[in-house]
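*Asks:*
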Amino acid sequence: MDTAAGQSLYPLHRSKTIHLVRHAQGFHNVEGDKNYEAYLSYDFLDASLTPLGWKQVDNLRDHVKRSGLSKRLELVIVSPLLRTIQTAVGVFGGEAGSDGINALPLMNENVGDSGRHAISSLNSPPFIAVELCREHLGVHPCDKRRSINEYRNMFPAIDFSLIESDEDILWKPDIREKNEEVAARGLKFLEWLWTRKEKEIAVVTHSGFLFHTLSAFGNDCHPTVKSEICTHFANCELRSVVIVDRGKIGSDKSSTDFPGKIPDGVDLPSDVADEKLPGNGLEK
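Put into structure tokens, the structure is as follows:
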């Protein structure tokens, strides 16, 4: 921890603001809360949002619009599962209804038997699906994705090009990913974020992924700050964090820093000038 009263300073261009969102309530959440064995049921394969989950989406959408966040976002990254994609487009997408000007919809009408209108891609940031931010892999059918071709038909304006396999080759019916493996995947995901130019990004993902990834952080902070970072997310909860590039992973230059001394002129700071007074051995 830095010595200045627990505070830290980092160059602005070596930081990003990340808005982390857990998906809204899915049908698997409801049944799993009643009986944990429901998470093993194929009835909830790639579960969609419940009607209550959609109400949670609407409430978060109202919040991001009132706060001005919807206007600042440059990118939305989403885990390629139905409940996360529905949450992402519902919260950060354009207004409901058809575009009418040849723009693909983010979500077609009634996807997942939701009874929802189509969601426009107009005036919304780009959406990219990324497998690194998926939930715990394996055993639980609710965490197995559909084919990418199915998702493309449901969500035409989302970019799925970063996903290499049409079918889900990561999920195994008999092997559950270990917590430390989820955490390692989460850190790899954060490193990947530094390859993006965008500075303000929303990530719509899952409780387990968020908890195990974020638990690697905050160990040098006050316990209250650590708890703000590392506690489990509620359905459709949003937390905004700043991540900093202490290891110079990124290569972007600052867009706001200015080198000064243009045009050239004398600009010797007074404290340095004092050090160069005659007799102090620093003359040149």
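The UniProt record's numbering applies: residue 1 is where the sequence shown begins, and numbers increase by one. Cβ coordinates follow ideal geometry from the N, Cα and C atoms, glycine included.
Tell me whether the segment 195-203 and the segment 14-33 touch, counting them as touching only if at least three CB pairs, one residue from each stretch, are closer than 8 Å.
*Replies:* yes
*Asks:* Using 8 Å for Cβ pairs, my map puts residue 120 next to residue 94. What's the rounded Cβ distance?
*Replies:* On the sequence shown, residue 120 is found 120 positions in, with the first residue counted as 1. On the sequence shown, residue 94 is found 94 positions in, with the first residue counted as 1. Indeed they touch by this definition, with Cβ atoms about 3 Å apart.
*Asks:* Hey, out of 61, 71 and 112, whose CA is closest to residue 88's CA?
*Replies:* In the sequence shown, residue 88 corresponds to position 88, counting from 1. Minimum Cα distance to residue 88 is reached at 61.
*Asks:* Please classify residue 256 as buried or exposed, where buried requires at least 16 neighbouring CB atoms within 10 angstroms.
*Replies:* Numbered from 1 along the sequence shown, position 256 holds the residue referred to as residue 256. The residue is exposed, with fewer than 16 neighbouring Cβ atoms inside 10 Å.
*Asks:* Among residues of its own chain, excluding the 5 on either side of residue 70, which ones have a beta-carbon nearer than 6 Å to its beta-carbon?
*Replies:* The residue labelled residue 70 in the question sits at position 70 within the sequence shown. These residues qualify, in order along the chain: 64.
*Asks:* Looking at the unbroken beta strand (DSSP E) that takes in residue 20, where does it start and where does it end?
*Replies:* For the purposes of this step, residue 20 is identified with residue 20 of the sequence shown, where counting begins at 1. Residue 20 -> beta strand (DSSP E) spans 15-22.
*Asks:* By how many angstroms is the C-alpha of residue 221 removed from the C-alpha of residue 231?
*Replies:* Your numbering for residue 231 matches position 231 in the sequence shown. Your numbering for residue 221 matches position 221 in the sequence shown. The alpha-carbon atoms of residue 231 and residue 221 are separated by roughly 14 Å.
*Asks:* On the criterion of 16 or more Cβ atoms from any shown chain inside 10 Å, does residue 80 qualify as buried, or is it exposed?
*Replies:* By 1-based counting over the sequence shown, the position of residue 80 is 80. Counting Cβ neighbours within 10 Å, residue 80 comes out buried, since at least 16 surround it.
*Asks:* Quick check on the DSSP output: what are the complete beta strand (DSSP E) runs of length 3 or more inside the segment 227-259, in order along the chain?
*Replies:* 238-244
*Asks:* May I ask which residues mark the beginning and end of the beta strand (DSSP E) holding residue 200?
*Replies:* Taking the sequence shown and counting its residues from 1, one reaches residue 200 at position 200. Start and end: 200-205.
*Asks:* Which same chain residues end up closer than 6 Å to residue 10 when comparing Cβ atoms and leaving out the 5 residues on each side of it in sequence?
*Replies:* Walking along the sequence shown from the start, residue 10 turns up at place 10. Closer than 6 Å at the Cβ level, and outside the excluded window around residue 10, lie 244.
*Asks:* Mapping DSSP to helix, strand and coil, what is residue 77?
*Replies:* Here residue 77 corresponds to residue number 77 of the sequence shown, with the count starting at 1. Residue 77 falls in the strand class under three-state DSSP.
*Asks:* Exposed or buried, which one is residue 112 when buried takes at least 16 other CB atoms within 10 Å?
*Replies:* One-based indexing of the sequence shown puts residue 112 at position 112. Buried, because 16 or more other Cβ atoms sit within 10 Å of the Cβ of residue 112.
*Asks:* Which residue's Cα is closest to the Cα of residue 138: 207, 242 and 39?
*Replies:* For the purposes of this step, residue 138 is taken as residue 138 along the sequence shown, with counting starting at 1. Answer by Cα proximity: 39.
*Asks:* Is residue 99 helix, strand or coil by DSSP?
*Replies:* Taking the sequence shown and counting its residues from 1, one reaches residue 99 at position 99. Low confidence applies to residue 99: its pLDDT is 46, below 50, so where it sits in the model is not reliable, and the reading given next is rough at best. If DSSP states are grouped into helix, strand and coil, residue 99 belongs with coil.
*Asks:* My assumption, with CB atoms under 8 Å, is that residue 75 sits in contact with residue 128. Please give the rounded CB distance.
*Replies:* Counted from its first residue, the sequence shown places residue 75 at position 75. Counted from its first residue, the sequence shown places residue 128 at position 128. Cβ atoms of residue 75 and residue 128 come within 8 Å of each other, at about 7 Å.
*Asks:* Go through its chain and collect everything with a Cβ distance to residue 171's Cβ below 8 Å, but skip five positions before and after it.
*Replies:* One-based indexing of the sequence shown puts residue 171 at position 171. Cβ within range, chain order: 137, 138, 143, 144 and 145.
*Asks:* State the start and end residues of the unbroken beta strand (DSSP E) segment that holds residue 129.
*Replies:* Residue mapping note: residue 129 aligns to position 129 of the sequence shown, counting from 1. For residue 129, the uninterrupted beta strand (DSSP E) segment begins and ends at 127-129.
*Asks:* Between which two residues does the alpha helix (DSSP H) harbouring residue 179 extend?
*Replies:* If you number the sequence shown from 1, residue 179 lands on position 179. Here the alpha helix (DSSP H) through residue 179 covers 179-193.
*Asks:* Spatial neighbours of residue 233 within its chain, please: CB distance less than 6 Å, with the 5 preceding and 5 following residues excluded, ordered by chain position.
*Replies:* By one-based count along the sequence shown, residue 233 stands at place 233. Close CB contacts of residue 233 within its chain, under the 6 Å cut and outside five residues either way in sequence, are with 22, 207 and 210 (chain order).
*Asks:* In this structure, does DSSP put residue 49 in helix, strand or coil?
*Replies:* For the purposes of this step, residue 49 is taken as residue 49 along the sequence shown, with counting starting at 1. Of the three classes helix, strand and coil, the one that applies to residue 49 here is strand, per DSSP.
*Asks:* Using three-state DSSP, classify residue 85 as helix, strand or coil.
*Replies:* Numbered from 1 along the sequence shown, position 85 holds the residue referred to as residue 85. Helix, per DSSP.
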